[in-house]
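Working notes, beginning with the structure itself.
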Amino acid sequence: MSIDIRFPDGAVRQFDKGVTGLAIAEGISKGLAKKAVAVKVNGAEWDLTRPIEESAAFEIITRDSAAGLDILRHDAAHVLAQAVQELFPGTQVTFGPVTDDGFYYDFARDEPFSTDDFAKIEKRMAEIVDADLPIIRKVWNKEEAIAHFRSIGEIYKAETIDEVIKPGEPITIYSHGDKWGDLCRGPHLPSTGRLGKAFKLMKLAGAYWRGDQANAQLQRIYGTAWADEKQLAEHLQRIEEAEKRDHRKLGRAMDLFHMQEEGRGMVFWHEKGLTLWRTIEAYMRRRLDKAGYVEVRTPQVLDRVFWEKSGHWQNYHEHMFVCETVEGEELSLKPMNCPGHVQIFKFGQKSYRDLPLRMAEFGACHRYEPSGSLHGLMRVRAFTQDDAHIFCREDQIEDEVAAFITLANHIHADFGLERDHISLGTRPEKRAGTEEFWDMAEGQLLNAARKAGVEPVITPGDGAFYAPKLDFVLKDAIGRTWTCGTIQNDYVLPERLGAEFTGEDGQKHRPVMLHRAICGSLERFIGVLIENYAGAFPMWLSPVQVVVATITSDAEGYAHEAAAELRKAGLRVQVDVANEKINYKVREHSLAKIPVIAVVGRKEAEERKLALRRLGGDAQQVVTLEEAKVMLAEEALPPDMR
RNA sequence: GCCGCCAUAGCUCAGCUGGUAGAGCACCUGAUUUGUAAUCAGGGGGUCACAGGUUCGAGUCCUGUUGGCGGCACCA
-16 MSIDIRFPDG AVRQFDKGVT GLAIAEGISK GLAKKAVAVK VNGAEWDLTR
34 PIEESAAFEI ITRDSAAGLD ILRHDAAHVL AQAVQELFPG TQVTFGPVTD
84 DGFYYDFARD EPFSTDDFAK IEKRMAEIVD ADLPIIRKVW NKEEAIAHFR
134 SIGEIYKAET IDEVIKPGEP ITIYSHGDKW GDLCRGPHLP STGRLGKAFK
184 LMKLAGAYWR GDQANAQLQR IYGTAWADEK QLAEHLQRIE EAEKRDHRKL
234 GRAMDLFHMQ EEGRGMVFWH EKGLTLWRTI EAYMRRRLDK AGYVEVRTPQ
284 VLDRVFWEKS GHWQNYHEHM FVCETVEGEE LSLKPMNCPG HVQIFKFGQK
334 SYRDLPLRMA EFGACHRYEP SGSLHGLMRV RAFTQDDAHI FCREDQIEDE
384 VAAFITLANH IHADFGLERD HISLGTRPEK RAGTEEFWDM AEGQLLNAAR
434 KAGVEPVITP GDGAFYAPKL DFVLKDAIGR TWTCGTIQND YVLPERLGAE
484 FTGEDGQKHR PVMLHRAICG SLERFIGVLI ENYAGAFPMW LSPVQVVVAT
534 ITSDAEGYAH EAAAELRKAG LRVQVDVANE KINYKVREHS LAKIPVIAVV
584 GRKEAEERKL ALRRLGGDAQ QVVTLEEAKV MLAEEALPPD MR
């Protein structure tokens, strides 16, 4: 009996019934068979060794493809689990999936693992690879599988099978030789030897069983795995590069900001960091002014009663900074600006003619974030949002959202951040409002995004409890993604706080509130910019734009004069008259990522010129002071003023 | 908040099995007046995070606290 095997290029060849993917691959070429990790049979991923019984569409998955790498990583997770269970008897396996760059496995064991164990575990993993154990797929029924895992003390596995698998449904178990087995959907490699050794254990972490804080905490071992050693080395290199960009390191080295233990999650902005901040804020203000926003400022601290009315006290009390006065009042620092903005909206009467009303605030908020979540500038307890609320009629929502997307796109691009995608966060499990409401609200955002020419990626359950949201996911210079910017269409808060306007019909109507931010928190945004540029900011953002450096002390007077002239042109300039050689100064200011070094020696002083040197190049450009003023001021112009 | 790891000079780090702290850079002083990625010499600087304990003796071992880091959970 023969069957037809159809290849991706359309060719059809005949094979004996029961042929394996591996045999087909070997028939094509030795090299292909070696690179193969699994096959696709009628679109489904199969083991290389699984017999194909019927005619089918066929495709070979190689280790250097994305799908192949995932299979490889899954095998690495299994090999890790086997190694751990052999070395640490009594350890239970739970769950070990693939990640973006590798895999992890969660173990249940009373004794903690230590990163010191990694070398030992990696050694055992290598031994398992060397042993080249055949990986065997077995099909069991649910009951025998549960009984088996219970009998060997694998309570978590038994529980998983019990809850995930429907009664009567067969399940697949993959075993490494006769030594070790795990429940798995597969496919897997034909033998452990094929995994190769381009893997490395990376870190150790706690993780809750099923991601739920109420459950037991397991020990997670993270690893990375690649098709070959070269890819692994490249990956480790990328990690090193990313570490060099760490905004916490650069923030200290560049004297931008610091934090200290008396104010966890609070930032001390140094002069240079605040210069960045002011530059960004001024830019944002110009953008908002042009986009028809008005700016307001609301109180930092408000009475508990106010937060009860807004509903925040009930929902987020434990995350609020609460204080009590000597007179016994209970107050809270504002955790967000929206309820304050509603108060301004409600002051006096609003007509449909006032809408859409775009109310912006660089609002400083405080939230008591869990200590374990704090992370440099990325997650802080005191932050300033580039916040705004657009009060509008329902029929204005789509246009407003679309216009916002366009505005945000411009702004993100001006900061050198590329858009990866926009995500639509839909109804979460814990939510207010009916299904009809969510259908409508999600539909509005989807339509608005399309109006702006964007097809959002749906992220199920990621919406706020009162509204769905669109999030901007940006890509930085080394391809990492960051979420900056969001918009939500909120019907709940205007209702709750009684905001209303008079419509054309003379009746009172409820406005909708669009919560929106483009940077998010300025703190975090600055953190993202630092990492994106690795500290080498474009001229308009750079805290110091030009350093005038002297070669000899004879040029000191002229250096100060030149700096003063450049400052008159609006540039941020420092003078370096230190008793050092010009080599030293060039090196120092290059490492400090100053965009322009203006060197002045005796010659420049006599001719009233500057020898300019740009960051990243070693070319010298000698121009007159007057020319430099015009040229550099032009270069330092923010993108919206060019 | 939870799990694990870590904490030595302003920064980066060394300090072996317990015997009262060291380097490089930075800083200060002096010499040098220099032409595009580190001039030379000298000097100051540390309750070894904090609090207990073990010991004749603790940076080193133990306990606790605080903070940092990596994850998990959380993120209106």
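Read in the working numbering, the first sequence has 549 at position 566, and its numbers run on one by one without any break. Yeah, the Cβ is synthetic: ideal placement off N, Cα and C, and Gly gets one too. All values reported here derive from a predicted model rather than from experimental measurement.
C-alpha distance - residue i paired with residue j, whole-angstrom precision
i: residue 442; j: residue 427; result: 16 Å
i: residue 107; j: residue 133; result: 26 Å
i: residue 24; j: residue 42; result: 7 Å
i: residue 35; j: residue 195; result: 41 Å
i: residue 522; j: residue 392; result: 21 Å
i: residue 151; j: residue 322; result: 54 Å
i: residue 318; j: residue 303; result: 6 Å
i: residue 581; j: residue 575; result: 14 Å
i: residue 301; j: residue 294; result: 13 Å
i: residue 593; j: residue 534; result: 12 Å
i: residue 401; j: residue 555; result: 27 Å
i: residue 254; j: residue 241; result: 11 Å
i: residue 53; j: residue 418; result: 37 Å
i: residue 603; j: residue 596; result: 5 Å
i: residue 99; j: residue 77; result: 22 Å
i: residue 38; j: residue -5; result: 10 Å
i: residue 454; j: residue 178; result: 38 Å
i: residue 477; j: residue 305; result: 24 Å
i: residue 496; j: residue 286; result: 23 Å
i: residue 308; j: residue 288; result: 14 Å
Cutoff 6 Å; reference residue i; Cβ partners in own chain excluding five residues on either side
i: residue 163; result: 65
i: residue 329; result: 482
i: residue 119; result: 158
i: residue 211; result: 181
i: residue 237; result: 518
Beta-bridge partners of residue i, as assigned by DSSP
i: residue 281; result: In the DSSP output, where bridge partners are listed per residue, residue 281 has none listed.
i: residue 204; result: 88, 187
i: residue 153; result: 124
i: residue 305; result: 315
i: residue 340; result: 374
i: residue 485; result: 334, 491
Three-way DSSP call (helix, strand, coil) for residue i in this model
i: residue 314; result: strand
i: residue 167; result: coil
i: residue 602; result: coil
i: residue 8; result: helix
i: residue 409; result: coil
i: residue 216; result: helix
i: residue -4; result: strand
i: residue 638; result: Because the chain is modelled from -16 through 625, residue 638 falls outside the range shown and cannot be assessed.
i: residue 452; result: strand
i: residue 533; result: strand
i: residue 143; result: helix
i: residue 297; result: helix
i: residue 253; result: coil
i: residue 53; result: helix
i: residue 427; result: helix
i: residue 161; result: coil
Neighbourhood of residue i by C-beta, 7 Å cutoff - its chain only, sequence neighbours within 5 removed
i: residue 452; result: 408, 446, 469, 470, 471
i: residue 71; result: 92
i: residue 434; result: 381, 385
i: residue 339; result: 373, 374, 375, 379, 383
Cut-off 8 Å between Cβ atoms - residues of its own chain near residue i, not counting five sequence neighbours on either side
i: residue 552; result: 612, 613, 615, 616
i: residue 247; result: 354, 357, 364
i: residue 104; result: 63, 66, 67, 70, 184, 204
i: residue 367; result: 345, 346, 347, 348, 504, 505, 506
i: residue 528; result: 522, 554, 555, 556, 577, 578, 579, 615, 619
i: residue 678; result: This structure gives no information on residue 678, because the portion of the chain shown stretches from -16 to 625.
- Item | At least three beta-carbon pairs within less than 8 Å, the stretch 343 to 354 to the stretch 265 to 282 | yes
- Touching or not, the stretch 9 to 17 and the stretch 63 to 78, by the rule of three or more beta carbon pairs under 8 Å? no
- Any chance the stretch 460 to 467 sits against the stretch 212 to 220, with 3 or more Cβ pairs inside 8 Å? no
- How do the stretch 123 to 131 and the stretch 74 to 88 stand: do at least 3 beta-carbon pairs fall below 8 Å, yes or no? Verdict: no, contact absent.
- Message: For the structure I just gave you, are there three or more beta carbon pairs, one from the stretch 407 to 423 and one from the stretch 378 to 388, closer than 8 Å?
- Response: The way I'd put it, the stretch 407 to 423 doesn't touch the stretch 378 to 388; fewer than three beta-carbon pairs between them come closer than 8 Å.
- Query: Does the stretch 535 to 547 come close enough to the stretch 583 to 591 that 3 or more CB-CB pairs lie under 8 Å?
  - Reply: Cβ pair count under 8 Å is three or more, so yes.
- Query: Is the stretch 506 to 523 close to the stretch 476 to 493, with three or more CB pairs under 8 Å?
  - Reply: no
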